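Residues in the sequence shown are numbered consecutively from 26, following our numbering. Note sheet for the following structure.
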Amino acid sequence: MKILLANPRGFCAGVDRAIEIVERALSKHGKPVYVRNEVVHNKFVVNDLKSKGAIFVKEINEVPDNQVVIFSAHGVSQLVRKQSKDIDSTIYDATCPLVTKVHKEVVRKQKQNVQVILIGHKGHPEVEGTLGQSSESRQVTLVENTDDVEHLNFDLDSDISYTTQTTLSVDDTQYIVNKLKDKFPNIQSPKKDDICYATQNRQDAVKVLIQSSELLLVLGSSNSSNSNRLREIAEKMNIPAYLIDGADEINPDWLNNVKTVGVTAGASAPEILVQEVVNYLYDQGATEVEEINGAEENVHFSVPEELRQ
Ligand code: SF4
């Protein structure tokens, strides 16, 4: 059996930065620090930070007054920002700068009286944060699929723009955007795609990888949007694909008669988990590993000034 490794894979710049913010906040302030939502959607990362003293909460009302509060890489609504200030927290914002860019876009469009449509998955923390940038008088409208687009009933002459969650399937989103453009020919597009470079690059890498793979293993937690999209790419091509949190979740039966197995990792899954899978596959009879070339990434986001010393 041969192992093919996708490139790029694993941590993106936004995830690196978010984890660094929690670690630096812990060394600056000591434990505990409170993190609203999973800082990134990965079990291994969350458990590691828990063991170092981070407490993960769903809502700000679970945090006592005067504590350190960190917002996750997915971003938060304006309401959550206000709630955190109201309890006199020391706030560190680990929102990925590429999510912040979308938030700013929403606010700018709303100031211009433009109706914003957000393409995304209902209930995902990033979507809740982006919807939560709306002004009270005009809500951002969420669409998840082309059916939702059918049901939109905005005036054709009104000013409308669209924006997207950063971690969607590039192909599925294009389909929805085309539908929006058919229905609202004057709709305004974002200046630059909102699906982030890391999501795009990891999807492109999987498209190359699966041309030579009989099975795809994606390291990523079940609530990780970008990891799920990687698995779906293989499934759409009828190649068996599994989302796993680690080597211990591999069912040996999946490997029966498989000569080439592709391995990748979502943007929130650390490389150590990939290496554990490689070792496991060697134990199961793999004899060779090949890195498949892909886009080079040189993106880096720095942590807030106050945490740099
Ligand atoms: S997946 Fe993209 S948007 Fe999300 S944290 Fe990484 S770089 Fe930022």
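For glycine and all other residues, C-beta sits at the position ideal for the given N, C-alpha and C. Here the structure is a predicted model, which is why all the values come from computation and not from measurement.
8 angstroms contact criterion, which residue i and residue j should meet: CB distance rounded
{"i": "L143", "j": "T188", "result": "6 angstroms"}
{"i": "V286", "j": "S238", "result": "6 angstroms"}
{"i": "K68", "j": "S246", "result": "5 angstroms"}
{"i": "L234", "j": "G271", "result": "Rounded, the Cβ-Cβ distance is 20 angstroms, inconsistent with contact."}
{"i": "S76", "j": "A43", "result": "Actually they are not in contact, since the Cβ atoms of S76 and A43 sit about 17 angstroms apart, beyond 8 angstroms."}
{"i": "V243", "j": "T289", "result": "6 angstroms"}
{"i": "I95", "j": "V64", "result": "7 angstroms"}
{"i": "V40", "j": "S293", "result": "5 angstroms"}
Coarse secondary structure for residue i, derived from DSSP in three states
{"i": "V243", "result": "strand"}
{"i": "Q55", "result": "Gln is not the amino acid found at residue 55; the sequence shown has Gly there. In the structure shown, G55 sits in coil (DSSP, three-state: anything other than H, G, I, E or B)."}
{"i": "L332", "result": "helix"}
{"i": "Q320", "result": "Reading off the sequence, residue 320 comes out as Ala, not Gln. Of the three classes helix, strand and coil, the one that applies to A320 here is coil, per DSSP."}
{"i": "E87", "result": "helix"}
{"i": "L30", "result": "strand"}
{"i": "E175", "result": "helix"}
{"i": "R133", "result": "helix"}
{"i": "R61", "result": "strand"}
{"i": "E313", "result": "strand"}
{"i": "I44", "result": "helix"}
{"i": "V299", "result": "helix"}
{"i": "V201", "result": "The identity of residue 201 in the sequence shown is Ile, whereas the question assumes Val. Three-state DSSP puts I201 in a helix."}
{"i": "A259", "result": "helix"}
{"i": "L234", "result": "helix"}
{"i": "A290", "result": "strand"}
{"i": "F69", "result": "helix"}
{"i": "A266", "result": "strand"}
{"i": "D16", "result": "In the structure as shown, the chain begins at 26 and stops at 334. Residue 16 is therefore absent and cannot be evaluated."}
{"i": "L104", "result": "helix"}
{"i": "L193", "result": "coil"}
When the options are compared against residue i, the one with the closest alpha-carbon
{"i": "E169", "options": "D113, N211 and Y200", "result": "Y200"}
{"i": "R333", "options": "I28, N253, E63 and E45", "result": "E45"}
{"i": "T120", "options": "K107, A38 and R163", "result": "A38"}
{"i": "N276", "options": "L240, H146 and Q135", "result": "L240"}
{"i": "I317", "options": "D111, K232 and L205", "result": "K232"}
{"i": "H176", "options": "D182, L205 and H128", "result": "L205"}
{"i": "G100", "options": "A79, V70, A230 and V152", "result": "V152"}
{"i": "L104", "options": "Q158, V174, D73 and N138", "result": "Q158"}
{"i": "K216", "options": "Q108, K147 and K129", "result": "K129"}
{"i": "H325", "options": "I258, A223, E301 and D273", "result": "A223"}
{"i": "V195", "options": "D207, D172, N226 and V141", "result": "N226"}
{"i": "S327", "options": "N263, L123, G35 and S114", "result": "L123"}
{"i": "P210", "options": "C221, D219, T192 and I185", "result": "I185"}
{"i": "R163", "options": "N138, C221 and R133", "result": "N138"}
{"i": "D218", "options": "G148, V283 and K126", "result": "K126"}
{"i": "D113", "options": "V302, P295, I85 and S293", "result": "I85"}
{"i": "H149", "options": "H66, P265, S214 and E321", "result": "H66"}
{"i": "I264", "options": "Q108, D273 and L280", "result": "L280"}
Chain-order list of residues whose beta-carbon lies under 6 angstroms from that of residue i (same chain, five-residue window excluded)
{"i": "Q190", "result": "G145, E151 and V152"}
{"i": "D229", "result": "none"}
{"i": "S102", "result": "G154 and G157"}
{"i": "L74", "result": "V47"}
{"i": "R34", "result": "T289 and A290"}
8 angstroms Cβ shell around residue i - same chain, five flanking residues per side excluded
{"i": "T171", "result": "Y200, I201 and K204"}
{"i": "E315", "result": "K27, I28, L29 and L30"}
{"i": "M262", "result": "I235"}
{"i": "V55", "result": "As written in the sequence, residue 55 is Gly, which differs from the Val given in the question. Answer for G55: G78, listed in chain order."}
Residues near residue i by beta carbon distance below 7 angstroms, same chain, minus five either side
{"i": "E257", "result": "S194"}
{"i": "I220", "result": "T189, T191, L193, V195 and T198"}
{"i": "V283", "result": "M26, E239 and L240"}
Item checked: contact_flag[the region 83–92, the region 54–64] where n(CB pairs < 8 angstroms) is 3 or more -> yes
Next item on the list: Could you tell me whether the region 304–320 touches the region 39–59, using the rule of 3 or more Cβ pairs below 8 angstroms?
Entry: no
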